[in-house]
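Q: In the numbering used here, the protein residues as written are 1 to 212. Positions of the beta carbon are idealized from the N, C-alpha and C atoms, including for glycine. Note that the structure is predicted; figures quoted are calculated from it, not measured. This is the structure, below, for whatever I ask next.
Shown next as structure tokens:
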């Protein structure tokens, strides 16, 4: 079983024609989630700062001194949010056992990102997949039942609607961006090039960067 699980941990083609793999994200070693959080906070504060500045301009009540003071206030708020965000993220990572498990399903039309609940361990997901590969069930569609049906959140990307693909190899991450939706695809080192090339070939409307 150990050998089967090691193999199933790689990107694997299933009898239903879909590729599946499991990735365990180390929340303290892989900063991708934290970076996204900080981006959202930064953009939100930036929008509020810009809105405040525009109001002062329309009221003809903006001077360099006032702009400087206002900017310092927002920079102080940003620093406070960074500290609070780090504390909150650490608590969240601790509650998840410092990692979370994701199962990915990919074919030529769609990519699905399923985050497992924190009580579901990687070994459980690998075991469920290994049972299917080993022929324990004649119906490959049952991959969505039992342990695998307990996904906490699911993100779907329709490949024809993808507008941008961004590889971030050092984080084992491929960003899959649609107009109003972004997906995060984590891939083992050994299969990174395969998955990225597959997405580039099957996302006809996407701009993409070299793998680097």
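How long is the line joining the alpha carbons of residue 29 and residue 204, rounded to whole angstroms?
A: Sequence index remark: in the chain shown, residue 29 carries index 29 (1-based). Sequence index remark: in the chain shown, residue 204 carries index 204 (1-based). C-alpha separation (whole angstroms): 33 angstroms.
Q: What separation, rounded to the nearest whole angstrom, lies between the Cα atoms of residue 191 and residue 20?
A: As a first step, residue 191 is located in the chain shown; it is residue number 191 there, counting from the start. As a first step, residue 20 is located in the chain shown; it is residue number 20 there, counting from the start. If you take the alpha carbons of residue 191 and residue 20, they lie about 12 angstroms apart.
Q: Assign residue 51 to one of two classes, buried (16 or more other C-beta atoms within 10 Å of its C-beta) or exposed (fewer than that).
A: Against the chain shown, residue 51 aligns to sequence position 51. Classified as exposed, residue 51 has fewer than 16 neighbouring CB atoms from the shown chains inside 10 Å of its CB.
Q: Determine which residues share a DSSP beta bridge with residue 104 and list them.
A: In the chain shown, the residue the question calls residue 104 occupies position 104. Paired residues: 21 and 113.
Q: For residue 105, count neighbouring Cβ atoms within 10 angstroms of its own Cβ and tell me buried if that reaches 16, exposed if not.
A: Residue numbering aside, residue 105 sits at position 105 when the chain shown is read from its first letter. Classification of residue 105: buried, given that the 10 Å Cβ count is 16 or more.
Q: Relative to the ligand SAH, is the shortest distance from any of its heavy atoms to the C-beta of residue 63 smaller than 7 angstroms?
A: This structure lacks the ligand SAH; in fact it carries no ligand of any kind.
Q: Can you give me the C-alpha to C-alpha distance between residue 87 and residue 44, rounded to a whole angstrom?
A: To locate residue 87, count along the chain shown from 1; it is residue 87. To locate residue 44, count along the chain shown from 1; it is residue 44. Here the alpha carbon of residue 87 sits roughly 19 angstroms from the alpha carbon of residue 44.
Q: How big is the Cα-Cα spacing for residue 72 and residue 35?
A: Taking the first residue of the chain shown as 1, we reach residue 72 at position 72. Taking the first residue of the chain shown as 1, we reach residue 35 at position 35. Using only the alpha carbons, I get a separation of about 23 angstroms.
Q: Decide if residue 167 is buried, meaning its Cβ has at least 16 other Cβ atoms within 10 Å, or exposed.
A: Mapped onto the chain shown, residue 167 falls at position 167. The Cβ neighbour count for residue 167, taken over all protein chains shown within 10 Å, is at least 16; the residue is labelled buried.
Q: For residue 85 and residue 47, which I take to be in contact (beta-carbon distance under 8 angstroms), what is that distance rounded to the nearest angstrom?
A: Looking up residue 85 in the chain shown gives position 85. Looking up residue 47 in the chain shown gives position 47. Contact flag wrong, Cβ pair sits at about 17 angstroms.
Q: Rounded to a whole number of angstroms, what is the C-alpha to C-alpha distance between residue 185 and residue 58?
A: Taking the first residue of the chain shown as 1, we reach residue 185 at position 185. Taking the first residue of the chain shown as 1, we reach residue 58 at position 58. Linking residue 185 to residue 58 through their CA atoms gives a straight-line distance of about 44 angstroms.
Q: Which residues bound the alpha helix (DSSP H) around residue 39?
A: Translated into positions along the chain shown, residue 39 becomes position 39. That run of the alpha helix (DSSP H) goes 32-58.
Q: Report the CB separation of residue 153 from residue 115 in whole angstroms; it is logged as a contact under 8 angstroms.
A: Position 153 of the chain shown, counted from the start, is the residue given in the question as residue 153. Position 115 of the chain shown, counted from the start, is the residue given in the question as residue 115. Correct: roughly 5 angstroms between the Cβ atoms.
Q: Kindly indicate which residue of 60, 188, 82 and 162 has the alpha-carbon position closest to the one of residue 178.
A: Within the chain shown, residue 178 is the residue found at index 178, counting from 1. Measuring from the Cα of residue 178, the nearest candidate turns out to be 162.
Q: Residues bridged to residue 220 by DSSP?
A: The shown model of the chain, from 1 to 212, leaves out residue 220, and the question about it has no answer.
Q: How long is the line joining the alpha carbons of residue 169 and residue 94, rounded to whole angstroms?
A: Working through the chain shown from its first residue, we reach residue 169 at position 169. Working through the chain shown from its first residue, we reach residue 94 at position 94. Their backbone Cα atoms lie some 25 angstroms apart in a straight line.
Q: Flag residue 165 as yes if its beta-carbon sits less than 8 angstroms from any beta-carbon of chain C, otherwise no.
A: The structure shown has no chain C; it contains just one protein chain.
Q: Using the DSSP secondary-structure output, state which residues sit across from residue 207 in a beta bridge.
A: Taking the chain shown and counting its residues from 1, one reaches residue 207 at position 207. DSSP, once it has assigned bridges, lists 164 as partnering residue 207.
Q: Sorted by chain position, which residues of the same chain lie with C-beta nearer than 8 angstroms to residue 79's C-beta, five sequence neighbours on each side aside?
A: If you number the chain shown from 1, residue 79 lands on position 79. Cβ neighbours of residue 79 beyond the five flanking positions: none.
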